[in-house]
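Residue numbers (full-length UniProt numbering): 503 to 780.
Don't be surprised by glycine CBs; every beta carbon is placed ideally from N, CA and C.
Shown next, in structure tokens, is the structure this report addresses.
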Ligand code: C2E
Ligand code: CA
Ligand code: CA
Ligand code: CA
């Protein structure tokens with residue numbers, strides 16, 4: 503809405519010259535945020551809809567800005583992607599999660615944590631080395647991580663993405679295709695990529711209530727995922743009715759406000775899946 507747009511403009515207006523003082527100033531702000539500890543790691547639970555697995559989580563970034571308060575990622579991630587700075591943010595998030603998973607008892611609380619990668623990360627030839635160094639520092643396994651890559655990031659340069667994903671899979675990371683259904687990926691690529699999971703974009707999940715084809719898209723995506731041997735996750739599960747419909751459609755996992763909003767990482771370990779969760 504108008505409010506959201508206004509705050510985006512206050513932070514960064516891409517219509518202005520990208521070499522302008524404003525760009526430099528936001529980049530400076532982001533550097534400072536990283537150096538002065540203004541970034542916050544949030545975790546959102548991801549629960550099994552069918553019997554079996556326990557709780558997983560997705561890592562989501564927030565910026566606790568000294569003047570602006572808690573800034574959501576859509577107000578600085580796109581900018582960070584444009585400038586390439588996002589690679590520092592990715593490594594920060596990954597390291598925070600590794601540190602959490604390295605603590606004793608953490609593995610009993612969470613099966614696996616998903617971390618979002620951007621297009622820029624996929625193009626960094628040293629990504630796998632950098633992640634490996636962090637794993638070694640905290641003595642955690644790659645298998646405790648799922649790396650989420652959007653369909654559009656893959657389709658940006660499918661061949662390079664494929665090579666990178668093969669390398670990450672070999673290293674032991676689980677891989678997920680995020681925002682599935684929004685990025686026009688070809689099914690031929692999907693079959694070739696070493697991915698474990700499809701994440702149905704929340705626009706389709708939220709649209710299930712209003713008819714108009716979204717429920718059919720969700721159902722077909724679940725079938726497609728299962729036919730390819732992949733786990734399928736629905737995001738944007740905002741109420742109990744949606745959760746039950748997805749469960750009945752054989753969707754494997756759910757994430758959304760009905761289960762829990764993203765919360766500061768230290769609160770996550772005190773959180774318990776409610777009666778609605780599997
Ligand atoms: P995403 O990866 O698709 O993450 C899911 C987004 O959906 C999150 O928004 C989450 O809070 C929101 N969400 C979860 N459940 C519900 C629900 O039931 N209803 C609705 N309406 N929304 C729900 P958030 O945290 O604002 O993040 C937005 C996007 O910013 C993410 O979308 C991702 O693309 C990007 N992002 C966030 N953290 C990172 C990060 O560490 N690295 C990168 N590269 N991108 C990030
Ligand atoms: Ca994601
Ligand atoms: Ca998503
Ligand atoms: Ca998204």
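For residue 551, there is no enclosing beta strand (DSSP E), since its DSSP letter is neither H nor E.
Taken in chain order, the unbroken stretches of beta strand (DSSP E) that lie wholly in the stretch 645-707 and span 3 residues or more are 647-652, 676-682 and 699-702. Taking the Cα positions, residue 707 is about 18 Å away from residue 552. Residue 621 is a Cβ neighbour of residue 658, given a cutoff of 8 Å. Scanning 689, 772 and 697 for the CA closest to the CA of residue 673 turns up 697. Between the stretch 611-620 and the stretch 637-656, the count of C-beta pairs closer than 8 Å reaches three or more; the two stretches touch. Placement of the Cβ of residue 560 at a distance of less than 7 Å from at least one heavy atom of ligand 2 is found. According to the DSSP assignment, residue 763 belongs to no alpha helix (DSSP H), since it is labelled neither H nor E. For residue 624, the three-state secondary structure derived from DSSP is helix. In this structure, the C-beta of residue 584 stays at least 7 Å away from each heavy atom of ligand 1. Counting every other CB atom within 10 Å of its CB across the protein chains shown gives residue 689 a total below 16, marking it as exposed.
In this structure, residue 536 lies near residue 590, with their beta-carbon atoms less than 8 Å apart.
For residue 571, the enclosing beta strand (DSSP E) has its first and last residue at 571-573. For residue 680, the Cβ falls inside the 7 Å cut-off from some heavy atom of ligand 2.
Under a 10 Å Cβ-count criterion, residue 544 is classified as buried, with 16 or more other Cβ atoms of the shown protein chains found around its own Cβ. Taking the Cβ of residue 650 as the reference point, at least one heavy atom of ligand 2 falls within a distance shorter than 7 Å.
Between residue 636 and residue 675, the gap from beta carbon to beta carbon reaches 8 Å or more. Distance check between residue 529 and each of 542, 582, 560 and 670 places 582 closest, using alpha-carbon atoms only. By the CB criterion at 8 Å, residue 682 and residue 723 fall inside the cutoff. Counting along the chain, the unbroken alpha helix (DSSP H) around residue 722 starts and ends at 716-729. Per DSSP, the unbroken alpha helix (DSSP H) holding residue 598 starts and ends at 588-604. One thing to note: residue 578 has its Cβ no nearer than 8 Å to the Cβ of residue 594. Proximity to residue 569 across 750, 540 and 713 peaks at 540, based on C-alpha coordinates. In this structure, the alpha-carbon of residue 710 lies about 29 Å from that of residue 770. In this structure, the C-beta of residue 729 stays at least 7 Å away from each heavy atom of ligand 2. If you compare the alpha carbons of 704, 613 and 666 with that of residue 741, the shortest gap goes to 704.
According to the DSSP assignment, residue 630 belongs to the alpha helix (DSSP H) that extends over 629-640. Straight across, the Cα-Cα distance linking residue 746 with residue 527 is about 47 Å. Under DSSP, residue 546 shares a beta bridge with 560.
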